[in-house]
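Below is one structure, written out as structure tokens; the observations come after it.
Residue numbers (the numbering used here), protein chains in the order written: chain R, 1 to 274; chain S, 1001 to 1274.
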């Protein structure tokens, strides 16, 4: 498995950071994650733009242009050539002399085989629970997943697939995906504030506008439980129906027609891309 | 500089973590930090107890007893022998196969020369600003300092020494220290909730009870600005007077008599220990 580390292509086992790096010392760094089918990275320009914005938002200078990053990713994909690949770009706070101040960031790009959600996963759908929490600096894709990792034992105990954050009764996002609801009067609604704006989220919004009314706005917990359909979007999940929230069924607890329609359009959109 | 990494003593430059570690992938890990004078670690039992509690609170199994950790630290101090040493214990989420799930934690203990606050630093005092923020899982000493590191450019721009967090008008703590106020009717008050309970904080509370009334409770922002004296406590700061908050002078903007008294008692307490 090949890795790009600062200015070199290395073997996976050589991708090591000294413990003085601010990611290890202070959990300080940004990343982005995209998916490739064979050697074709999906929506790479969007992911690289967001990576650049995350770096800038965290005061981390990025010494490569998006064009250079794109070329490195393509070279990694050429070397790796898995059927489906996850590409992870990371930019850390760098080797800090006092374990607190910024230093020159370390750039690490890794490629690894993944299995994105399939049609079978779509039919099975997801069960989620809600948890009161607001991510710090939510618009930045930082490496801070303290709460998400910490909640894993609770998710296992409740035998569900994921957790949805809310604050003051307003829902926001899952740790690694965005949420949409289809209201009973057939509007597609997704949270607008205090979230990370996913790339799949933006593609779904684009696909939906031609077929239905779309709103980006706050959603109350109550409105979520009362929705006709609920689904999550992410790079690996694509679109997956949510069939229950906190043990309450959504609609008839089966993937709904709007979710299905959008899913088919999204798969078609991906196919065109590849 | 010597390092202990899992079950080995290594050279500093060998203390490397593979990028799949959950600290790098998800900012997930705990630590503790203590100070040694020559080869004597200060309040080590308290720090080790807290480290153990942080690990348990984060679902991270610690495969060493506190006695074993103490012996490793003493060996590191014997090898290093600086006049003043910082000892940092870290336990990370481990090398994760999917960059999300827990694995066997990595334990890293590093020693490095430090310069704790001096009498001159005490006389100079500190200027701080306030910032609305609540740390996640505040009672655990996790490596999540996203906000603290992110705020450093603001601290530099405002030409102050540190930032004090508050939420809903209640003050809590600075990123790496606890705060105390001395009220105009001569009570020592320090926040009780939503903070990390510092070891120096607990020593100061012990020292203070014999000389004055002490309260652990919520403190409003307004009460802070109206205090006779304000000071911070931490392992490296010991006790440092806060002379201004958000540009407003505290008292006459000089170290106050109560702060001085507690500082002298604390230095004396340390001296006995060494």
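The beta carbon of each residue, even a glycine, is placed where N, CA and C say it ideally should be. Here the structure is a predicted model, which is why all the values come from computation and not from measurement.
- Residue 1203 of chain S and residue 1043 of chain S do touch by the CB rule: their CB atoms are close to 7 Å apart, below 8 Å.
- Close to chain R, meaning a Cβ-Cβ distance shorter than 7 Å, are the following residues of the stretch 1040-1060 of chain S: 1058, 1059.
- Under DSSP, residue 1002 of chain S takes part in a beta bridge, and its partners are S/1011.
- The beta carbon of residue 1199 of chain S lies closer than 8 Å to those of 1034, 1043, 1046, 1047, 1050, 1235 in the same chain, with the five residues before and after it left out.
- The count of Cβ pairs closer than 8 Å, one atom from the stretch 205-217 of chain R and one from the stretch 155-165 of chain R, stays below three, leaving the stretches out of contact.
- With respect to the 8 Å criterion, residue 1162 of chain S and residue 1192 of chain S are not classified as neighbours on the basis of their beta carbons.
- Along the length of the stretch 122-153 of chain R, whole beta strand (DSSP E) runs at least 3 residues long occupy 126-132, reported in chain order.
- Look at the beta carbons and you see the stretch 136-145 of chain R not touching the stretch 235-251 of chain R: under three pairs across the two are nearer than 8 Å.
- Straight-line measurement puts the Cα of residue 125 of chain R at about 46 Å from the Cα of residue 1177 of chain S.
- Under the rule that a run must span 3 or more residues, the beta strand (DSSP E) segments found entirely inside the stretch 79-124 of chain R read 84-92, 107-113.
- Shortest Cα-Cα distance from residue 1256 of chain S to any of S/1122, S/1064, S/1079 involves S/1122.
- In summary, residue 83 of chain R is exposed, with fewer than 16 beta-carbon neighbours lying within 10 Å of its beta-carbon over all protein chains present.
- Comparing alpha carbon positions, the residue from R/212, R/186, R/167, R/215 closest to residue 194 of chain R is R/167.
- Among the CB atoms of chain R, one or more fall inside 8 Å of the CB of residue 1026 of chain S.
- Under the rule that a run must span 3 or more residues, the beta strand (DSSP E) segments found entirely inside the stretch 1157-1215 of chain S read 1162-1167, 1178-1182, 1187-1190.
- The Cβ neighbour count for residue 1242 of chain S, taken over all protein chains shown within 10 Å, is at least 16; the residue is labelled buried.
- The beta carbons of residue 17 of chain R and residue 1024 of chain S sit closer together than 8 Å.
- Secondary structure at residue 40 of chain R: strand, using DSSP grouped into helix, strand and coil.
- Among the residues of the stretch 1085-1101 of chain S, those with a Cβ less than 8 Å away from any Cβ of chain R are 1088, 1090, 1092, 1093, 1099, 1100, 1101, in the order of the chain.
- No Cβ of chain S is located within less than 8 Å of the beta carbon of residue 116 of chain R.
- Our two residues, residue 103 of chain R and residue 20 of chain R, have alpha carbons roughly 10 Å apart in a direct line.
- With at least 16 other beta carbons inside 10 angstroms of its own, residue 1093 of chain S counts as buried.
- Rounded to whole angstroms, the Cβ separation of residue 1240 of chain S and residue 1232 of chain S is 5 Å, and the two are in contact under 8 Å.
- With 16 or more other Cβ atoms inside 10 Å of its own Cβ, residue 26 of chain R counts as buried.
- Around the beta carbon of residue 52 of chain R, 16 or more other beta carbons sit within 10 angstroms, so the residue counts as buried.
- Here the alpha carbon of residue 22 of chain R sits roughly 11 Å from the alpha carbon of residue 60 of chain R.
- Taking a contact as a CB-CB distance under 8 Å, the pair residue 1228 of chain S and residue 1183 of chain S counts as one, their CB atoms being some 6 Å apart.
- The C-beta distance from residue 1077 of chain S to residue 1113 of chain S rounds to 12 Å, too long to meet the 8 Å contact threshold.
- By alpha-carbon distance to residue 91 of chain R, the top candidate from R/116, R/5, R/245, R/197 is R/5.
- The alpha carbon of residue 1175 of chain S has as its nearest neighbour, out of S/1062, S/1238, S/1164, the alpha carbon of S/1164.
- The alpha-carbon of residue 1039 of chain S is positioned some 55 Å away from that of residue 179 of chain R.
- Taking a beta-carbon distance threshold of 8 Å, residue 236 of chain R does not count as an interface residue toward chain S.
- With distances taken between CA atoms, residue 1274 of chain S lies nearest to S/1036 out of S/1036, S/1223, S/1263.
- Take residue 1095 of chain S, set aside five residues on each side of it, and the residues of its chain with a beta-carbon closer than 7 Å to its own are 1018, 1020, 1021, 1103, in chain order.
- Within chain S, no residue has its beta carbon less than 8 Å from that of residue 75 of chain R; the closest one is some 18 Å off.
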